[in-house]
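Novice: Numbering (my numbering), first residue to last: 277 to 556. Note that beta-carbon positions come from the ideal geometry of N, C-alpha and C, so glycine has one too.
1. Tell me the start and end of each unbroken alpha helix (DSSP H) in the region 332-420 that is at least 4 residues and wholly inside, in chain order.
2. Specify the secondary structure class of residue 543 as computed by DSSP and reduced to three states.
3. Between residue 427 and residue 522, which are expected to be in contact by the criterion C-beta below 8 Å, what is the C-beta distance as a whole number of angstroms?
4. Based on the DSSP secondary-structure assignment, which residues constitute the bridge partners of residue 516?
5. Three Cβ pairs or more, each shorter than 8 Å: is that satisfied between the region 404-424 and the region 499-510?
6. Under DSSP, the alpha helix (DSSP H) around residue 530 begins and ends at which residues?
7. For residue 455, which of helix, strand or coil comes out of DSSP?
8. Thinking C-alpha only, which one of 509, 552, 389, 282 is nearest residue 484?
9. Can you look up residue 329 in the DSSP assignment and give me helix, strand or coil?
10. Under the three-state reduction of DSSP, which class applies to residue 534: helix, strand or coil?
11. How far does the beta strand (DSSP E) with residue 432 in it extend, from its first residue to its last?
12. Please classify residue 449: does DSSP put it in a helix, a strand, or coil?
13. Could you say if the region 300-313 and the region 431-438 meet the contact criterion of at least three C-beta pairs nearer than 8 Å?
14. In chain order, what residues of the same chain lie with their CB nearer than 8 Å to the CB of residue 555, ignoring the 5 residues before and after it?
15. Taking the Cβ atom as the reference point for each residue, do residue 362 and residue 336 lie within a distance shorter than 8 Å?
16. Applying the 10 Å Cβ sphere with the 16-neighbour rule, what's the burial state of residue 390?
17. Spatial neighbours of residue 499 within its chain, please: C-beta separation below 6 Å, excluding the five flanking residues on both sides.
18. For residue 423, write down the residues that DSSP places opposite it in a beta bridge.
19. Quick one: measure Cβ to Cβ for residue 463 and residue 393, integer angstroms, because I've assumed they're closer than 8 Å.
20. Per DSSP, what kind of secondary structure is residue 441 in: helix, strand or coil?
21. Do you know offhand how far residue 518's Cα is from residue 316's?
22. Give me, in chain order, the residues of the same chain whose beta-carbon lies closer than 7 Å to that of residue 454; leave out the 5 immediate sequence neighbours on both sides.
23. At what residues does the alpha helix (DSSP H) containing residue 278 begin and finish?
24. Is the beta carbon of residue 492 closer than 8 Å to that of residue 277?
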């Protein structure tokens with residue numbers, strides 16, 4: 277069996293999608309019209325704009341989508357699809373739950389709403405963590421600090437208020453709980469600090485239609501296939517609840533012999549998949 281994995285924010289880089297834009301001019305034209313700017317030009321920029329959440333999310337969604345179109349042209353078809361955070365929208369596209377235009381409109385608004393939360397919090401990666409001790413720190417500082425992305429036993433991402441993250445970082449370093457790496461993000465994604473964005477995003481999602489999926493889409497929130505019910509609620513919850521990536525890969529491995537193929541720029545998810553497979 278085969279699982280397509282779609283990367284999320286952080287996988288973007290200058291020059292991404294260059295060859296794909298030439299292969300799919302019609303989709304690029306659609307993207308430019310929806311986004312209101314030149315997508316290929318954005319992806320060639322060396323300035324900060326490509327790393328601005330409001331621009332990163334639609335750009336990465338589009339590049340992931342074109343990468344999948346290119347792969348499918350070769351006749352490769354997945355049995356399961358999964359995406360990390362933003363990448364889950366590409367999984368929904370792959371499964372036929374949404375179309376390309378709808379996906380772009382959704383992630384454009386998602387990125388804009390999340391960018392507006394700038395200053396409400398921050399995030400850190402914790403490498404080689406003592407999981408029990410890290411959870412104890414999170415429990416003690418809750419609700420202002422929590423685990424936001426459970427990526428692998430070797431890498432977790434935590435988030436919260438600036439003060440709580442600073443205190444957690446101090447405790448983690450002092451207690452040799454793990455190596456702290458600050459992340460350059462505009463807010464505390466996948467936490468309660470995204471509640472305002474989530475409420476507005478739910479109303480926005482309610483304007484759109486969602487179709488039954490033709491493939492199982494493994495949810496970041498439950499680490500199980502989406503049930504296809506109340507998509508506006510599920511997608512808004514996605515902003516405030518943690519990404520259960522490690523648990524999702526464990527579920528996929530339980531389905532039988534599984535190959536994982538990263539579809540999109542970079543190899544972040546391939547590295548995480550190897551880390552999870554090596555340690556289980």
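Specialist: Based on what the coordinates show:
1. As far as the region 332-420 is concerned, its whole alpha helix (DSSP H) runs of at least 4 residues are 363-371, 376-391, 407-417.
2. Look at residue 543 here: in three-state DSSP terms it is coil, with no helix or strand label.
3. 6 Å
4. DSSP lists no partner for residue 516.
5. Between the region 404-424 and the region 499-510, the count of C-beta pairs closer than 8 Å stays below three; the two stretches do not touch.
6. Note, residue 530: alpha helix (DSSP H), 521-530.
7. strand
8. Proximity to residue 484 across 509, 552, 389, 282 peaks at 509, based on C-alpha coordinates.
9. helix
10. It is coil, neither helix nor strand.
11. Taken as a continuous stretch (DSSP letters only), the beta strand (DSSP E) holding residue 432 covers 431-436.
12. helix
13. no
14. Because the pLDDT of residue 555 is 43, which lies under 50, any placement of that residue in the model is unreliable, and the question is left without a value.
15. yes
16. buried
17. Excluding residues within five positions, the ones whose Cβ falls inside 6 Å are 520, 523, 524, 527.
18. 434
19. 4 Å
20. helix
21. 31 Å
22. 402, 403, 404, 405, 406, 410, 448
23. Unbroken run through residue 278 is the beta strand (DSSP E), 278-282; no alpha helix (DSSP H).
24. In this structure, residue 492 does not lie closer than 8 Å to residue 277 by Cβ.
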